[in-house]
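Reading through the structure tokens given below for one structure.
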Amino acid sequence: MSQSLQGRKVVMAVWGSLRHDARVLRAATTVHEAGAELVVVAASWRAEELGEHRDERGFRVVTVARPTPWKEMNRQPGLWAAIKRAFELLPSGIGFMRAMRRERADLYHAHDIQALPWTWLAARGRPYIYDAHEISTDGTAYTRIARFVSRLESFF
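So the sequence shown is numbered by our numbering: it starts at 33 and just counts up by one.
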């Protein structure tokens with residue numbers, strides 16, 4: 033693995049806070065230690081996380097703004113609220129994608145379904161990886177949209 037990543041630029045994308053995501057931190061550390069120039073692009077609603085910094089492990093982290101998740105606002109979406117929410121998320125998604133595009137990486141890595149479309153757009157024909165292995169549509173908010181999520185994953 034290290035020979036193939038040596039000297040390459042990799043962007044990892046996570047639609048959420050990097051602060052408590054051990055899975056992404058482990059993957060980022062592994063890629064960085066393999067010799068890649070690594071940038072993790074995250075999206076958070078917490079103002080104190082926004083901006084750019086160098087992680088203690090040595091890779092760069094760029095965190096862009098996104099709207100507060102519904103569960104944090106104690107709201108359940110109806111159809112109209114879901115449509116409105118899609119329009120609220122669009123500027124955040126575009127900012128997320130632009131932060132990735134600015135890096136002009138050799139490889140892009142989406143860590144969750146929410147990051148996948150934006151990562152695909154940012155990659156512009158370059159290789160990308162999607163490994164949201166933790167997603168389960170059983171017993172979660174994704175239960176109602178499992179078929180859509182499955183089709184989205186198949187498309188990308």
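In this text, a Cβ means the ideal position worked out from N, Cα and C, and glycines have one as well.
Could you give the C-beta distance for residue 46 and residue 74, rounded to a whole number, given that I count them as a contact under 8 Å?
5 Å
DSSP-derived helix/strand/coil call for residue 59:
helix
Report all residues from its chain with a CB closer than 7 Å to the CB of residue 146; omit the five preceding and five following residues, and keep chain order.
47
Tell me the start and end of each unbroken alpha helix (DSSP H) in the region 70 to 124 that is at least 4 residues and wholly inside, in chain order.
102 to 105
So, at 7 Å on beta carbons, what are the nonlocal neighbours of residue 90 in its own chain, with the 5 sequence-adjacent residues on each side left out?
64
Hey, residue 43 and residue 135: beta-carbon distance below 8 Å or not?
yes
Just to confirm before moving on: does the CB-CB distance between residue 93 and residue 50 stay below 8 Å?
yes
Buried versus exposed call for residue 100 [16 or more other C-beta atoms within 10 Å across all chains shown]
exposed
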